[in-house]
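Student: With the first letter of the sequence shown counted as 1, position 107 gets the number 106 in numbering that gives the first Met the number 0; the numbers rise by one all the way through. Cβ coordinates follow ideal geometry from the N, Cα and C atoms, glycine included.
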Amino acid sequence: MQFSRQFERALVYATRIHSGQFRKKTRIPYVAHILGVAAIALEYGANETEAIAALLHDAVEDCGGAKRLRDIRRRFGEKVARIVEGCTDTDQTPKPPWLERKKAYVAHVPSASVSTKLVSASDKLHNVRATLMTYRREGEKVWSRFKGGKQGTLWYYRALVKAFGDTKSPKLSGLVQEFDRTLSELERLSNKGAQVTQPPPHLIGED
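1) Return the Cβ separation of A208 and A40 in integer angstroms, given the expectation that the two are a contact with Cβ distance under 8 Å.
2) Here's the rule: buried if 16 or more other CB atoms are within 10 angstroms of the residue's CB, otherwise exposed. What is K123?
3) Could you check if F178 is buried or exposed, using at least 16 other CB atoms within 10 Å of its CB as the buried criterion?
4) Take L153 and list the residues in its own chain whose beta-carbon comes closer than 7 Å to its own, dropping the five residues that flank it on each side.
5) Name the DSSP beta bridge partners of P28, please?
6) For the alpha helix (DSSP H) that L55 lies in, which residues bound it at each end?
7) Is it buried or exposed for G204, if we count other Cβ within 10 angstroms and need 16 for buried?
8) Would you mind working out which of R74, V105, R4, A50 sits nearest T166, comparing C-alpha positions?
9) Is the region 158-172 touching the region 110-129 in the sense that three or more CB pairs, one from each, lie closer than 8 Å?
10) In terms of alpha-carbon separation, which member of T48, I71, I51 lies closest to V59?
11) Check whether the Cβ atoms of S112 and E47 sit closer than 8 Å, and answer yes or no.
12) For A45, I'd like the list of residues in its chain whose CB is within less than 7 Å of its CB, leaving aside the five on either flank, ordered along the chain.
13) Does DSSP classify V195 as helix, strand or coil?
14) Report the rounded CA-to-CA distance for G192 versus L182, giving the unit in angstroms.
15) Would you mind working out which of P95, P93, H56 sits nearest A80, comparing C-alpha positions?
16) In whole angstroms, what separates the C-alpha of H32 from that of E42?
17) Determine whether the beta carbon atoms of A103 and D88 lie at a separation below 8 Å.
18) Taking the Cβ atom as the reference point for each residue, do L6 and A38 lie within a distance shorter than 8 Å?
19) Taking all protein chains shown into account, decide if D206 is buried (16 or more other Cβ within 10 angstroms of its Cβ) or exposed.
20) Give the range of the alpha helix (DSSP H) segment to which Q150 is assigned.
21) Do you know offhand how far Y12's Cα is from S18's?
Okay, structure coming up:
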């Protein structure tokens with residue numbers, strides 16, 4: 000694939016808006032995540048529009064809400080904006096409670112476009128890979144980084160595996176299988192292989 004200037008503009012734009020941000024409780028620049036998500040999406044067949052959306056997938060949620068989405072639509076077009084919007088669990092400030100947002104996002108996935116699912120699943124796979132790598136290094140301490148804690152985080156990712164898997168899209172099958180395998184390894188190491196199928200009740204009402 001040969002990229003256009005629009006992809007280059009998106010890369011510069013994403014790098015600029017995420018400047019100074021880091022991954023949860025680390026000194027890893029946030030741009031490492033957006034590059035990783037775009038790379039995974041491309042590995043699983045993303046076109047340029049989807050790759051641009053992968054670079055911008057966290058822009059609305061973390062960098063300006065609805066105003067940012069309007070700017071993305073103006074700069075990169077309606078198709079990119081729709082994918083980014085579909086990957087966003089909220090554009091509100093302050094954010095609604097964590098469990099409310101995650102339940103709504105899981106419910107939204109089956110009806111999302113294939114392009115949105117591709118970018119979203121790439122994002123979740125990159126996150127689970129990072130969590131697995133950190134768990135191998137730090138053990139149970141890793142869960143202190145997440146608002147959902149251990150049980151909430153494992154529930155959310157397992158629910159998403161099911162939601163993505165139910166879509167039965169040939170374009171997504173390999174990506175979802177890799178997401179499932181990676182999550183299963185994290186469950187094996189941290190939860191004796193048990194899948195968390197319900198969110199912990201103590202999360203209700205927390206943001």
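Tutor: Quick look at the numbers:
1) Here the chain comprises residues numbered 0 to 206, so residue 208 is not present and cannot be evaluated.
2) The sequence position of residue 123 within the sequence shown is 124, counting from 1. When all chains shown are included, K123 counts as buried.
3) Within the sequence shown, residue 178 is the residue found at index 179, counting from 1. With 16 or more other Cβ atoms within 10 Å, it is buried.
4) Taking the sequence shown and counting its residues from 1, the one referred to as residue 153 is at position 154. Excluding residues within five positions, the ones whose Cβ falls inside 7 Å are E186, N190, V195.
5) For the purposes of this step, residue 28 is taken as the residue at position 29 of the sequence shown. In the DSSP assignment, P28 forms a beta bridge with F21.
6) Taking the first residue of the sequence shown as position 1, residue 55 is located at position 56. It is not in any alpha helix (DSSP H) - L55 carries neither H nor E in the DSSP assignment.
7) Counting from one through the sequence shown, the residue named residue 204 turns up at place 205. In this predicted model, G204 has a pLDDT of only 46, less than 50, meaning its place in the structure is not dependable enough to derive any value.
8) For this step, residue 166 is matched to residue 167 along the sequence shown. Comparing C-alpha distances from T166 to each of R74, V105, R4, A50 shows the shortest one belongs to V105.
9) Yes, since at least three Cβ pairs between the region 110-129 and the region 158-172 fall closer than 8 Å, the two stretches touch.
10) For the purposes of this step, residue 59 is identified with residue 60 of the sequence shown, where counting begins at 1. Sorting T48, I71, I51 by C-alpha distance to the C-alpha of V59 places I71 at the top.
11) Residue numbering aside, residue 112 sits at position 113 when the sequence shown is read from its first letter. Residue numbering aside, residue 47 sits at position 48 when the sequence shown is read from its first letter. Between S112 and E47, the C-beta gap is not smaller than 8 Å, which leaves the two residues out of contact.
12) Mapped onto the sequence shown, residue 45 falls at position 46. Closer than 7 Å at Cβ, skipping near neighbours: A53, L117.
13) Translated into positions along the sequence shown, residue 195 becomes position 196. DSSP, reduced to helix, strand and coil, places V195 outside both helices and strands of the structure shown, so it counts as coil.
14) Within the sequence shown, the letter at position 193 stands for residue 192. Within the sequence shown, the letter at position 183 stands for residue 182. Distance between G192 and L182, taken at the CA atoms: about 10 Å.
15) Working through the sequence shown from its first residue, we reach residue 80 at position 81. Nearest to A80 by alpha-carbon distance, out of P95, P93, H56, is H56.
16) To locate residue 32, count along the sequence shown from 1; it is residue 33. To locate residue 42, count along the sequence shown from 1; it is residue 43. The alpha-carbon of H32 is positioned some 15 Å away from that of E42.
17) Looking up residue 103 in the sequence shown gives position 104. Looking up residue 88 in the sequence shown gives position 89. A contact, by the Cβ cut-off of 8 Å.
18) For the purposes of this step, residue 6 is identified with residue 7 of the sequence shown, where counting begins at 1. For the purposes of this step, residue 38 is identified with residue 39 of the sequence shown, where counting begins at 1. Position check: residue 6 holds Phe in this sequence, whereas Leu was assumed. No. Outside cutoff.
19) Counting from 1 along the sequence shown, the entry for residue 206 is found at position 207. Only weak support is given to the placement of D206: the predicted model assigns it a pLDDT of 42, under 50, and the question is left unresolved by the model.
20) Working through the sequence shown from its first residue, we reach residue 150 at position 151. Run containing Q150: 148-164, per the alpha helix (DSSP H) assignment.
21) In the sequence shown, counting from the first residue as 1, residue 12 sits at position 13. In the sequence shown, counting from the first residue as 1, residue 18 sits at position 19. About 10 Å.
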